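Some notes on the structure that comes next.
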Amino acid sequence: MGSSGGLHLRPARDSDRRALWRVHTEAVETLCQGVYAPDELNTWVSLLRPEGYLRPDRPRTVLVAERGRRLVGFGQLDSRAGELEALYVVPDEVGHGVGSRLLAALESVAWGGGTPLLGLDASLNAEDFYRHRGYVSLHPAKRPLTQRVQLACVRMQKRRPMLSSRREPSAGAMTST
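Residue numbering for the sequence shown follows the working numbering, starting at 5 and increasing by one per position.
What follows is the structure, encoded as structure tokens:
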């Protein structure tokens, strides 16, 4: 997948399950603090389990970001449904391009596969991140965790960029009139 600035993206492996769980848990516990109530965060984190990632009965594109030998983020895409299902970065890497790189790579997979539209439910603390990357807020939504706990989020979407159908002359190209 490539590396830049010491950051390397690659497809997730079964052996990454525990690291995916760790990244997800750290991100929720730290980055969502003050945005969601403590009981919402506790419920969210209590539902996360290492065996819940990379399930063979739910094929998805899951990419991980590594800095050195440390997994620092991951993203999960369901191309068939046109849904970005997860994008999490460890707190000390936020603002260093990890989420942007993962998102761009997952979008590239979706667009390359012909997905016309990507949707997602953004946590309240992530709405601005997605908006700055071309996603549009559609409406407030709820993500049910249990019968009692439903997380407030924002339904967002982004259309596949249009490809230019005509080629622009390259700089210095000769044209006849």
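C-beta atoms are modelled at their ideal positions from N, C-alpha and C, and glycine is treated no differently.
Just so it is clear, the structure is predicted and the values come from calculations on it, not from any experiment.
field: Burial state of His143 (16 or more Cβ within 10 Å)
entry: Working through the sequence shown from its first residue, we reach residue 143 at position 139. Of the other Cβ atoms in all chains shown, fewer than 16 fall within 10 Å of the Cβ of His143; this residue is therefore exposed.
- prompt: Enumerated in chain order, which unbroken segments of the beta strand (DSSP E) with a length of 3 residues or greater are wholly contained in the region 10 to 51?
  reply: Unbroken beta strand (DSSP E) runs of no fewer than 3 residues, entirely contained in the region 10 to 51, are found at 11 to 15, following chain order.
query: Where does Arg74 sit, in a helix, a strand or coil, going by DSSP?
result: In the sequence shown, residue 74 corresponds to position 70, counting from 1. In the three-state scheme derived from DSSP, where H, G and I count as helix and E and B as strand, Arg74 is classed as strand.
field: Residue environment, Arg105, which counts as buried when at least 16 other CB atoms sit within 10 Å
entry: Position 101 of the sequence shown, counted from the first residue, corresponds to residue 105. Counting other Cβ atoms within 10 Å of its Cβ, Arg105 reaches 16 or more and is therefore classed as buried.
- prompt: Can you list, in chain order, the residues of its chain whose CB lies under 8 Å from that of Gly138, leaving out five sequence neighbours each side?
  reply: Looking up residue 138 in the sequence shown gives position 134. Excluding residues within five positions, the ones whose Cβ falls inside 8 Å are Lys162.
field: Strand pairing of Arg147, partner residues [DSSP]
entry: Start at 1 with the first residue of the sequence shown, and residue 147 comes out as number 143. Bridge partners of Arg147: Leu155.
query: Secondary structure at Val98, three-state DSSP: helix, strand or coil?
result: Start at 1 with the first residue of the sequence shown, and residue 98 comes out as number 94. Coil.
message: Does Ala114 pass the burial test, meaning 16 or more other C-beta atoms within 10 Å, or should it be called exposed?
response: Residue mapping note: residue 114 aligns to position 110 of the sequence shown, counting from 1. Flag for Ala114 reads buried.
message: Rounding to the nearest angstrom, what Cα-Cα distance links Leu81 and Gly123 in this structure?
response: Your numbering for residue 81 matches position 77 in the sequence shown. Your numbering for residue 123 matches position 119 in the sequence shown. Roughly 10 Å between the two C-alpha positions.
query: When we look at the beta-carbon of Gly10 and count the other beta-carbons within 10 Å, is it buried (16 or more) or exposed?
result: The residue you call residue 10 lines up with position 6 of the sequence shown. That one is exposed.
query: When the Cα atoms are used, what is the spatial distance from Leu45 to Gln37?
result: Residue mapping note: residue 45 aligns to position 41 of the sequence shown, counting from 1. Residue mapping note: residue 37 aligns to position 33 of the sequence shown, counting from 1. Between Leu45 and Gln37, the C-alpha separation is close to 8 Å.
message: Helix, strand or coil for Gln161? Go by DSSP, reduced to three states.
response: One-based indexing of the sequence shown puts residue 161 at position 157. Three-state result, Gln161: strand.
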